[in-house]
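For the sequence shown, the numbering used here begins at 4 and goes up steadily by one. For glycine and all other residues, C-beta sits at the position ideal for the given N, C-alpha and C.
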Amino acid sequence: MRDHEIRDRDVRGRAVRHTGTRLVSLLLLAWLAIGMLAAGQRHYFDSSPTNCAGWGTIAVTAIAGPLNYMGVNPKVDDCTLPQPSQ
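Quick look at the structure:
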């Protein structure tokens, strides 16, 4: 193989990997955006969460993404944060 053929194949391979990475990143961003939209529609942002359970519910709702529109309604009822040592 000639040098330019090897170089061209390497450039094409990087372009495909870059496109795949970009696609995965965009899908992940869209997934989380849909989850945040669901949290907003459930009015989780109307009153700021004052405890760990409120923040946890927002987080798991965002992570659930489009599954929220298929009947998933994740909630965190109780969570205990570690206390600092004395």
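Could you give the distance in angstroms between the alpha-carbon of residue i and the alpha-carbon of residue j?
| i | j | result |
| --- | --- | --- |
| cysteine 82 | tryptophan 58 | 10 angstroms |
| cysteine 55 | leucine 84 | 8 angstroms |
| aspartate 49 | glycine 43 | 8 angstroms |
| aspartate 80 | arginine 45 | 16 angstroms |
| serine 88 | threonine 24 | 42 angstroms |
| leucine 29 | glutamine 86 | 37 angstroms |
Starting from residue i, trace the alpha helix (DSSP H) in both directions and tell me its first and last residue.
| i | result |
| --- | --- |
| glycine 59 | 55-67 |
Would residue i pass as a contact of residue j if the rule is Cβ separation under 9 angstroms?
| i | j | result |
| --- | --- | --- |
| proline 77 | isoleucine 66 | yes |
| isoleucine 37 | tyrosine 47 | no |
| threonine 22 | methionine 39 | no |
| glycine 68 | leucine 35 | yes |
Closest to residue i by C-alpha separation, out of the options, would be which residue?
| i | options | result |
| --- | --- | --- |
| methionine 73 | Asp80, Ala41 and Leu35 | Ala41 |
| alanine 33 | Thr60, Gln86 and Leu70 | Leu70 |
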